[in-house]
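> From first to last, the protein sequence lines are chains A and B. Under UniProt numbering, the residues of the first sequence are numbered 1 to 327, in order. Under UniProt numbering, the residues of the second sequence are numbered 1 to 327, in order. For glycine and all other residues, C-beta sits at the position ideal for the given N, C-alpha and C. Input: one structure, supplied below.
Protein chains: 2
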Amino acid sequence: MATIYEVAKLAGVSPATVSRVFNGVAVSDEKVLAVREAARQLKFTPNRTARTLRKQESEVIALVIPDIENPYFTELARGVEDVAQSAGFSVVLANTDAQLEKEATYLQIAISEHMAGVILAAASDHTNLDDIQAAGRPVVAVDRGTGYDIDGVVMANRTAGQAATEHLVRAGYRRIACITGPERIETAYERAQGWRAVVTREFPGADPDELLRYSTFRVDGGRDVMEELLALPEPPDAVVAGNNLLGVGAIQVLTEHGLTPPKLGVAVVGSLPFTTLSPSAVTVVRLPARHMGVTAAKMLLERIAGDDQPARTVVLRGELQPARPAD
Amino acid sequence: MATIYEVAKLAGVSPATVSRVFNGVAVSDEKVLAVREAARQLKFTPNRTARTLRKQESEVIALVIPDIENPYFTELARGVEDVAQSAGFSVVLANTDAQLEKEATYLQIAISEHMAGVILAAASDHTNLDDIQAAGRPVVAVDRGTGYDIDGVVMANRTAGQAATEHLVRAGYRRIACITGPERIETAYERAQGWRAVVTREFPGADPDELLRYSTFRVDGGRDVMEELLALPEPPDAVVAGNNLLGVGAIQVLTEHGLTPPKLGVAVVGSLPFTTLSPSAVTVVRLPARHMGVTAAKMLLERIAGDDQPARTVVLRGELQPARPAD
DNA sequence: GTTGATCATGAAATCGATTTCGCCTAGAGT
DNA sequence: ACTCTAGGCGAAATCGATTTCATGATCAAC
């Protein structure tokens, strides 16, 4: 690749002038022309590494997520990418597999590559952001909090859990179970709390915890606990799934048992990805993942631009998409 | 962040020695100890930007894909990431939306960020790799060819199309349609060719093209053409879907028309992501996307390490997972 | 005891851009 | 006509690591 020096020589100016041309600093028209022509001839593209080293800041933002195979997070990624792209930033997608160690590695890389900022869906609430904060890099939390006082975008998880559960109650189900992610993950816990609030109110006598299962936020997790619930002496007649993949797993098991919804009622917090079920069968509280990504990216870009107002948290509400009563 | 100079001063050695300690070059034990201790105290992490500038090569590889929301590509990404990660590389995921322009942008970035190499699922067969080849960066093609003589990993697309179609024939279907992606995309075309070979052989009289539809490789594309096919005066009794998302779209439409498989036979080239259908309903030719990613990443790492044997192409075969006959 | 080889080490050059500093020139102000 | 200002421009410093080159020390071999 051509360097700024070669362009300078060909155009008969100093390297400084070439830099100025490409950075919109005042340069006489004739030199601008000469430089542009020389750059064109040599196919010059500025070396981003050198630029980053000198400016101490790159046009790359990191998006750190726990599960790249979950469509919820890829939808989020789309939102982030669209905003970033149109602001001239590129996005590095880092997949942590919900492992703190991998997460820490990627955060270190974000620092040592001088990335402009980080959007983080934390692997757990023990994520350590001291270093990246010390480095002065802005971080925006998505989907889950971090325990730090930073910008964030989260879903109204408890409300979503409530809405899903209430809809099942209205549809006439009486014994409503809940399967959700690991208890230590805020989103999992909050959605379960939403469910609990409704069932304890509606069915005061019963012990709700009998029908509550914490698992992983994955398809096989949903399968396992759904099997467990069906094996109960007195199985549930409906279930609230704490995220999209749990919902898929649960429905798979139900289908295998001949209990296709709405025979056994199912409500999912999050969308059913690529579902081939009739939309009337399953209630869904759609979470605006893409919108979350867009919002987070905009907040991050503001911080990168130097905004230093107090930390904000944006809460997005899910949207109930009820199963139509079977006809 | 602390720099190598500060560490050097604290440890009482030269910066060169600090660098050597971190790069495994011979240094006396006592200095190694002093440097490590100083680095620990100062929380020193080498600045990757400076390192990249000097070494003219970074430990980042780019994975350029046309659709990040397609689970096929995220599965591929997982494979790439696993291999890269364990070799100390990080992966930048770039989503092109199948647009040549975005693709070109990302390839330029790969060059100007000195990325070590690129794994590319090309947006089309017009992708221009001249610049990146001139820059000496290795490129491995995945899923689709590029028209350049470079390493590649592809699926046995025609074979997969055949296998899917043959299975429908064996199951007794007689009027087998095919829906696939854009004709100019190699994978779409080849899978359709596989279908065509079988139907012209098995049903010699009929005009196969009547039942062939090119569309996009997306869910809505599958929906549209499936509707078209059902609206024919003499609709098909089975359909081969050219990729996973087309399959989802087709099945959605069939479900809405009360034609849930296997009432109308469906065979999909690629897996049905997050399906809740009974596995007996739909035949799938599973494509080893993750394995493709692993293979491509290994090939790329070999090239990065300096391997310059002639270009290789690895062809991976899909695996037929037949629908069990309904019982 | 001398020679030569080996090895640890530091000084300084290097990667390619940005940016500070100061010079020079042209035009405005009096 | 003379001073002052401002803007264009180049020389050189800078970002932080790696790497070449030169030096000095150590040690084995003869």
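(1) Residue 12 of chain B: which of B:208, B:23 and B:37 sits nearest, CA to CA?
(2) Pairing CB atoms from the stretch 314-323 of chain A with CB atoms from the stretch 141-159 of chain A, are three or more of them under 8 Å?
(3) Suppose contacts are defined by Cβ-Cβ distances below 8 Å. Is residue 283 of chain A in contact with residue 177 of chain A by that definition?
(4) When burial is assigned at 16 or more other CB atoms within 10 Å of the CB, is residue 233 of chain B buried or exposed?
(5) Quick check on residue 67 of chain A: buried or exposed, where buried means 16 or more other Cβ atoms within 10 Å of its Cβ?
(6) Can you name, in chain order, every residue of its own chain whose Cβ lies under 6 Å from the Cβ of residue 313 of chain A, other than the five neighbours on each side?
(7) Since I believe residue 186 of chain A is in contact with residue 144 of chain A (beta carbons under 8 Å), could you give me their beta-carbon distance rounded to a whole number of angstroms?
(8) Applying a beta-carbon distance threshold of less than 7 Å, which residues of chain B neighbour residue 92 of chain A?
(9) Excluding the 5 residues preceding and the 5 following residue 162 of chain A in the sequence, name in chain order all residues of the same chain whose CB lies nearer than 7 Å to its CB.
(10) Of all Cβ atoms in chain A, is any one closer than 8 Å to the Cβ of residue 10 of chain B?
(11) Identify the contact partners of residue 71 of chain B in chain A, using a Cβ-Cβ distance below 9 Å as the criterion.
(12) Closest to residue 227 of chain B by C-alpha separation, out of B:52, B:253 and B:105, would be which residue?
(13) Beta carbon of residue 272 of chain B, beta carbon of residue 244 of chain B: below 8 Å?
(14) Give me whichever residues DSSP pairs with residue 68 of chain B in a beta bridge.
(15) Looking only at DSSP bridge pairs, what is residue 95 of chain B linked to?
(16) Between which residues of its own chain and residue 300 of chain A is the CB-CB distance below 7 Å, once the five residues before and five after are set aside?
(17) Counting contacts by CB-CB distance shorter than 8 Å, is residue 111 of chain B in contact with chain A?
(18) Taking 8 Å as the threshold (beta carbon to beta carbon), is residue 278 of chain B in contact with chain A?
(19) Can you pull the chain B residues whose beta carbon is under 7 Å from the beta carbon of residue 81 of chain A, in chain order?
(20) Assign residue 355 of chain B to buried or exposed, taking buried as 16 or more other Cβ atoms, counted over all protein chains shown, within 10 Å of its Cβ.
(21) Tell me residue 214 of chain B's beta-bridge partners as DSSP assigns them.
(22) Indicate the three-state DSSP secondary structure (helix, strand or coil) for residue 155 of chain A in the structure shown.
(23) How would you list, in chain order, the residues of chain B whose beta-carbon sits under 9 Å from the beta-carbon of residue 175 of chain A?
(24) Which same chain residues, not among the five before or five after residue 224 of chain B, have their C-beta less than 7 Å away from its C-beta?
(25) In this structure, how does DSSP classify residue 90 of chain A when only helix, strand and coil are distinguished?
(26) Which partner residues does residue 50 of chain A have in the DSSP bridge list?
(27) Could you tell me the alpha carbon to alpha carbon distance between residue 146 of chain B and residue 125 of chain B, rounded to whole angstroms?
(28) Check the DSSP bridge columns for residue 141 of chain B and list the partner residues they point to.
(29) So what does DSSP say about residue 282 of chain A, is it helix, strand or coil?
(30) Can you give me the C-alpha to C-alpha distance between residue 259 of chain B and residue 230 of chain B, rounded to a whole angstrom?
(31) Between the C-alpha atoms of residue 136 of chain B and residue 262 of chain A, what's the straight-line distance to the nearest angstrom?
(32) Please report the distance separating the alpha-carbon of residue 212 of chain B from that of residue 69 of chain B.
(33) Hey, does residue 1 of chain A have any beta-carbon neighbour from chain B nearer than 8 Å?
(34) How about residue 162 of chain B: is its C-beta nearer than 8 Å to some C-beta of chain A?
(35) Give the straight-line distance between the Cα atoms of residue 52 of chain B and residue 142 of chain B, rounded to the nearest whole angstrom.
(36) Using only alpha-carbon positions, find the residue among A:237, A:251, A:203 and A:43 that is nearest to residue 221 of chain A.
In this structure, then:
(1) Position 12 of the second sequence, counted from the first residue, corresponds to residue 12 of chain B. Of B:208, B:23 and B:37, the residue nearest in Cα terms is B:37.
(2) yes
(3) Translated into positions along the first sequence, residue 283 of chain A becomes position 283. Translated into positions along the first sequence, residue 177 of chain A becomes position 177. It is not a contact, given that the beta carbons lie outside the stated cut-off.
(4) Taking the second sequence and counting its residues from 1, the one referred to as residue 233 of chain B is at position 233. Flag for residue 233 of chain B reads exposed.
(5) The residue given as residue 67 of chain A occupies position 67 in the first sequence. Taking every protein chain shown into account, the CB of residue 67 of chain A has 16 or more other CB atoms within 10 angstroms, so this residue is buried.
(6) For the purposes of this step, residue 313 of chain A is taken as the residue at position 313 of the first sequence. Around residue 313 of chain A: 152.
(7) Counting from 1 along the first sequence, the entry for residue 144 of chain A is found at position 144. Counting from 1 along the first sequence, the entry for residue 186 of chain A is found at position 186. 5 Å between Cβ atoms; contact.
(8) Within the first sequence, residue 92 of chain A is the residue found at index 92, counting from 1. The contacting residues are 92.
(9) One-based indexing of the first sequence puts residue 162 of chain A at position 162. Within the same chain, residue 162 of chain A has close Cβ partners 194, 197 and 198.
(10) Locating residue 10 of chain B in the second sequence gives position 10, counting from the first residue. It does not: the Cβ of residue 10 of chain B has no partner Cβ on chain A nearer than 8 Å.
(11) Locating residue 71 of chain B in the second sequence gives position 71, counting from the first residue. Those are 69, 71, 74, 273 and 274, listed as they occur along chain A.
(12) Looking up residue 227 of chain B in the second sequence gives position 227. The candidate whose alpha carbon is nearest that of residue 227 of chain B is B:253.
(13) Here the question's residue 272 of chain B lines up with position 272 in the second sequence. Here the question's residue 244 of chain B lines up with position 244 in the second sequence. Yes, the pair counts as a contact, with Cβ atoms nearer than the cut-off.
(14) On the second sequence, residue 68 of chain B is found 68 positions in, with the first residue counted as 1. DSSP output for residue 68 of chain B lists no bridge partner at all.
(15) Mapped onto the second sequence, residue 95 of chain B falls at position 95. B:65.
(16) Walking along the first sequence from the start, residue 300 of chain A turns up at place 300. By the criterion of a C-beta distance shorter than 7 Å, residue 300 of chain A is surrounded in its chain by 61, 117, 119, 138 and 140, once the five residues flanking it on both sides are discounted.
(17) Working through the second sequence from its first residue, we reach residue 111 of chain B at position 111. Yes, because at least one Cβ of chain A sits closer than 8 Å to the Cβ of residue 111 of chain B.
(18) Counting from one through the second sequence, the residue named residue 278 of chain B turns up at place 278. By this cut-off, residue 278 of chain B is an interface position.
(19) Here the question's residue 81 of chain A lines up with position 81 in the first sequence. What residue 81 of chain A touches in chain B: 95.
(20) Nothing can be reported for residue 355 of chain B: it is not among the residues displayed for chain B, which extend from 1 to 327.
(21) One-based indexing of the second sequence puts residue 214 of chain B at position 214. B:180.
(22) To locate residue 155 of chain A, count along the first sequence from 1; it is residue 155. Note: residue 155 of chain A maps to strand in three-state DSSP.
(23) The residue given as residue 175 of chain A occupies position 175 in the first sequence. Under the 9 Å cutoff, chain B gives no residues; its nearest Cβ is about 22 Å from residue 175 of chain A.
(24) Position 224 of the second sequence, counted from the start, is the residue given in the question as residue 224 of chain B. So the qualifying residues of the chain are 215.
(25) Residue 90 of chain A sits at position 90 when you count from the first residue of the first sequence. Reduced to three states, the DSSP call for residue 90 of chain A is strand.
(26) Locating residue 50 of chain A in the first sequence gives position 50, counting from the first residue. BP columns for residue 50 of chain A are empty, so no partner.
(27) To locate residue 146 of chain B, count along the second sequence from 1; it is residue 146. To locate residue 125 of chain B, count along the second sequence from 1; it is residue 125. Distance between the alpha carbons of residue 146 of chain B and residue 125 of chain B is about 5 Å.
(28) Residue 141 of chain B sits at position 141 when you count from the first residue of the second sequence. Residue 141 of chain B is bridged to B:120 and B:152.
(29) One-based indexing of the first sequence puts residue 282 of chain A at position 282. If DSSP states are grouped into helix, strand and coil, residue 282 of chain A belongs with coil.
(30) Translated into the one-based positions of the second sequence, residue 259 of chain B becomes position 259. Translated into the one-based positions of the second sequence, residue 230 of chain B becomes position 230. Just so you know, the alpha carbons of residue 259 of chain B and residue 230 of chain B end up roughly 10 Å apart.
(31) Locating residue 136 of chain B in the second sequence gives position 136, where the first residue counts as 1. Locating residue 262 of chain A in the first sequence gives position 262, where the first residue counts as 1. In a straight line, the C-alpha of residue 136 of chain B is about 58 Å away from that of residue 262 of chain A.
(32) Your numbering for residue 212 of chain B matches position 212 in the second sequence. Your numbering for residue 69 of chain B matches position 69 in the second sequence. For residue 212 of chain B and residue 69 of chain B, the distance between alpha carbons rounds to 26 Å.
(33) Numbered from 1 along the first sequence, position 1 holds the residue referred to as residue 1 of chain A. Yes, its Cβ sits closer than 8 Å to a Cβ of chain B.
(34) As a first step, residue 162 of chain B is located in the second sequence; it is residue number 162 there, counting from the start. False, the Cβ-Cβ gap to chain A never drops below 8 Å.
(35) Position 52 of the second sequence, counted from the first residue, corresponds to residue 52 of chain B. Position 142 of the second sequence, counted from the first residue, corresponds to residue 142 of chain B. Between residue 52 of chain B and residue 142 of chain B, the C-alpha separation is close to 26 Å.
(36) Taking the first sequence and counting its residues from 1, the one referred to as residue 221 of chain A is at position 221. Looking at the Cα atoms, A:251 is the closest of the given residues.
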